[in-house]
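Residue numbers (our numbering): 24 to 429. The C-beta atom is built at its ideal place from N, Cα and C for all residues, glycine as well. Since the structure is predicted, the reported quantities are computational estimates derived from the model, not experimental observations.
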Amino acid sequence: MDGQNMGHPVLHDKLKADADRLSEALHNMSKLFLAPKEEKSLRRFSTAEVAELLRVSDGYLRKAHFDGRIPDVEQGPGNKRSYSAEEILEIRRILSENAKDPHQFLPGRRPGDKLQIWSTVNFKGGSSKTTTTVTLGMRLALRGYRVCLVDADPQASLTTFFGYQPELDFKDGGTLYDAIRYNDGDQSRKPILDVLQKTYFPNLDLVPGGIMLSEFETETPTALSRGEQPVFFNRIRDSLRQVEDDYDIVLIDCPPQLGYLTMSAVCASTSLLMTIIPERVDLASASQFLTMASGILEVLHSNGGIGAYDNFAYLLTRFDTAISAQQDLSEWIRQLLGESVIGTPFVKSSAVSEAGLSQKTIFEVDLAGSKNRRTYDRALESVIGFSNDIEEMIQTAWERGGQDEA
Ligand SMILES: Nc1ncnc2c1ncn2[C@@H]1O[C@H](COP(=O)(O)OP(=O)(O)OP(=O)(O)O)[C@@H](O)[C@H]1O
Ligand SMILES: [Mg+2]
């Protein structure tokens, strides 16, 4: 700092210095506390969990092991089997080869089925968009679907669930931004495959987000005025085309605003999922969102930005069943919005928020010796419930009657 500013540093210098200090300190702290992404690993699953995931009985599974139809797995105390997610997938493949209906165990797309792209939206911050997206993504991956998660939020909280620190790991690129950015000098967008990351979770890939995405909001008006193609609402859709055949389902986590990123995600989607907390203020903002969205979608529709949606579904989130006002409001919402409201709500649970503190979903929490088993089970029941509801909507979009039966 020069002599003139010794006593009163200019603001931008001070902010820059503070930012650098913070960033370095965070980096050091994360090395101490956070498992780096290489170390993030998935727990094993019990026989009961695997039976539920495969939609067979425990006995069916035990017999398949006994008959040698599927490879055996690790056994712990009391000869209790435990399965890794990879082993569950392998068992799916083997069982599907010999099943009367091979899709019973691999319920994903068949020839002619279109890729399902769901965006999670609401401009109410904290309405559980990210938690819902990542939890649903993991559940669908465990159910045997090939899932790609796309983090379209500059806050990049979805990305942190996979052990990344976006501000450090993608400082020099590697996010969705690279795949949708506009031309600037010799820089232009890259194939989405360049930024797509495999994760420690089998069947689940990630297109990371990061603060760079906010550039998309500021650059879109100028790109529009110089007529750069494709226009903003086609850019996410265009980039996803390159991986069209690699997935059954893409889930896009949107920022809490109706900006260009959200609109681009909405236009890429085949279905929309709107999270709503059954509270009065949240309903007011949901109503504002819908009014704004309908105005914008009308314009986009007439410009060829969007076509028909398979579903516009509402999910009640952070639903506190102990609060009667929330019960009443949720009933009221169901009466108003009817079938669009997903049958099972995502209940509010400390099992979810506590797991979230260490960037985990409830599927990743280790339950060994847990005192909160009942709380956990209740949350899990809710997650499985709404995920199954959404899975059924996906199966319906593929014109299949109901879910696969065991
Ligand atoms: N079912 C739940 N039970 C308890 N806490 C929850 C639940 N779902 C989400 N939360 C907590 O609520 C907070 C906000 O959730 P989340 O980040 O998913 O919301 P969001 O809509 O993505 O927020 P933003 O608008 O900032 O993107 C987090 O601390 C999360 O752990
Ligand atoms: Mg979020």
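Endpoints, alpha helix (DSSP H) assigned at Ala246: Start and end: 237-248.
Extent of the continuous alpha helix (DSSP H) run through Asp276: Membership of Asp276 in any alpha helix (DSSP H) is not indicated; the residue belongs instead to the beta strand (DSSP E) covering 272-276.
Within the chosen definition, does the stretch 139-155 reach the stretch 273-293 through at least 3 CB pairs nearer than 8 Å? Yes: the two stretches touch, three or more of their Cβ pairs being nearer than 8 Å.
Count the other C-beta atoms from every protein chain shown that fall within 10 angstroms of the C-beta of Glu61, then say buried if there are 16 or more, exposed otherwise. Low confidence applies here, because Glu61 scores a pLDDT of 49, under 50, leaving its location unreliable; read the following figure in that light. Counting Cβ neighbours within 10 Å, Glu61 comes out exposed, since fewer than 16 surround it.
Straight-line Cα distance separating Asp176 from Tyr283: Going from the Cα of Tyr283 to the Cα of Asp176 covers about 11 Å.
Assuming Tyr187 and Pro214 form a contact by the criterion Cβ under 8 Å, report the distance between their Cβ atoms to the nearest whole angstrom. Wrong, their Cβ atoms sit about 20 Å apart, outside the cutoff.
Could you check where the alpha helix (DSSP H) with Asp261 kicks off and where it finishes? First-last of the alpha helix (DSSP H) with Asp261: 255-264.
Thr314 (DSSP reduced to helix, strand or coil): Helix.
Enclosing beta strand (DSSP E) for Ile6 [first to last residue]: The requested residue 6 does not occur in the structure, where the chain is confined to residues 24 to 429.
Taking the alpha-carbon of Asp192 as reference, which of Val170, Gln220, Arg166, Asp207 has the nearest alpha-carbon? Among Val170, Gln220, Arg166, Asp207, the Cα nearest to that of Asp192 is on Gln220.
Could you check whether the Cβ of Ser150 sits closer than 8 Å to any heavy atom belonging to ligand 1? Yes, the beta carbon of Ser150 sits closer than 8 Å to at least one heavy atom of ligand 1.
What does the alpha-carbon distance come out to for the pair Asn257 and Ala48? Cα atoms of Asn257 and Ala48: separation of roughly 39 Å, rounded to the nearest angstrom.
My output table needs one value for Ile430: the three-state DSSP class, helix, strand or coil. This structure gives no information on residue 430, because the portion of the chain shown stretches from 24 to 429.
So the beta strand (DSSP E) Val230 belongs to, where does it begin and stop? Its beta strand (DSSP E) spans residues 227-230.
Can you find a heavy atom of ligand 1 that lies under 8 Å from the Cβ of Val375? Checking the Cβ of Val375 against ligand 1 gives yes.
Could you round the C-beta distance between Ile299 and Ser150 to whole angstroms and report it? I think they count as a contact, below 8 Å. Contact holds; Cβ gap of about 7 Å.
Would you report the Cα separation of Asp36 and Thr158, rounded to the nearest angstrom? Whole-angstrom Cα-Cα distance: 41 Å.
Among the residues of its own chain, which have a CB less than 7 Å from the CB of Phe312, if the five just before and after it don't count? For Phe312, where only same-chain residues beyond five positions count, the Cβ hits under 7 Å are Asn145, Phe146, Leu281.
Report the start-end ranges of each beta strand (DSSP E) in the stretch 100-149 that is 3 residues or longer and not cut off at the edges. As for any beta strand (DSSP E) of minimum length 3 sitting wholly inside the stretch 100-149, the runs are 139-144, ordered along the chain.
Assign Arg85 to one of two classes, buried (16 or more other C-beta atoms within 10 Å of its C-beta) or exposed (fewer than that). Result: exposed.
Check for me: the beta strand (DSSP E) holding Gly339 runs from which residue to which? A small correction: the amino acid at residue 339 is Leu; Gly does not occupy that position in the sequence shown. Per DSSP, Leu339 belongs to the beta strand (DSSP E) from 334-339.
Whole angstroms is fine: what's the gap from Lys394's alpha carbon to Ala374's? Computed Cα separation, rounded: 11 Å.
Straight-line Cα distance separating Phe128 from Leu118: Leu118 and Phe128 have their alpha carbons spaced roughly 7 Å apart.
Proximal residues to Met286 (C-beta, below 6 Å), its chain only, five neighbours per side dropped: By the criterion of a C-beta distance shorter than 6 Å, Met286 is surrounded in its chain by Phe256, once the five residues flanking it on both sides are discounted.
Cβ-based burial, Pro244 [other Cβ within 10 Å; buried from 16]: Under this definition Pro244 is an exposed residue.
Output needed for Ser107: all residues of its chain with C-beta closer than 6 Å, excluding positions within five of it in sequence on either side, in chain order. Counting only residues of its own chain and dropping the five nearest sequence neighbours on each side, Ser107 has a CB closer than 6 Å to the CB of Arg67.
Give a single yes or no on whether Gln220 has its beta carbon closer than 8 Å to a heavy atom of ligand 2. In this structure, ligand 2 has no non-hydrogen atom nearer than 8 Å to the beta-carbon of Gln220.
Helix, strand or coil: which one does DSSP assign to Phe342? Residue state, collapsed to three classes: strand.
Is it buried or exposed, Ile346, if we count other Cβ atoms within 10 angstroms and call 16 or more buried? A residue is called buried when at least 16 other Cβ atoms come within 10 angstroms of its Cβ; Ile346 does not meet this threshold and is exposed.
Identify which residue in His88, Ile356, Val364, Asp195 has its Cα closest to the Cα of Ala307. When only C-alpha atoms are compared, the closest one is Ile356.
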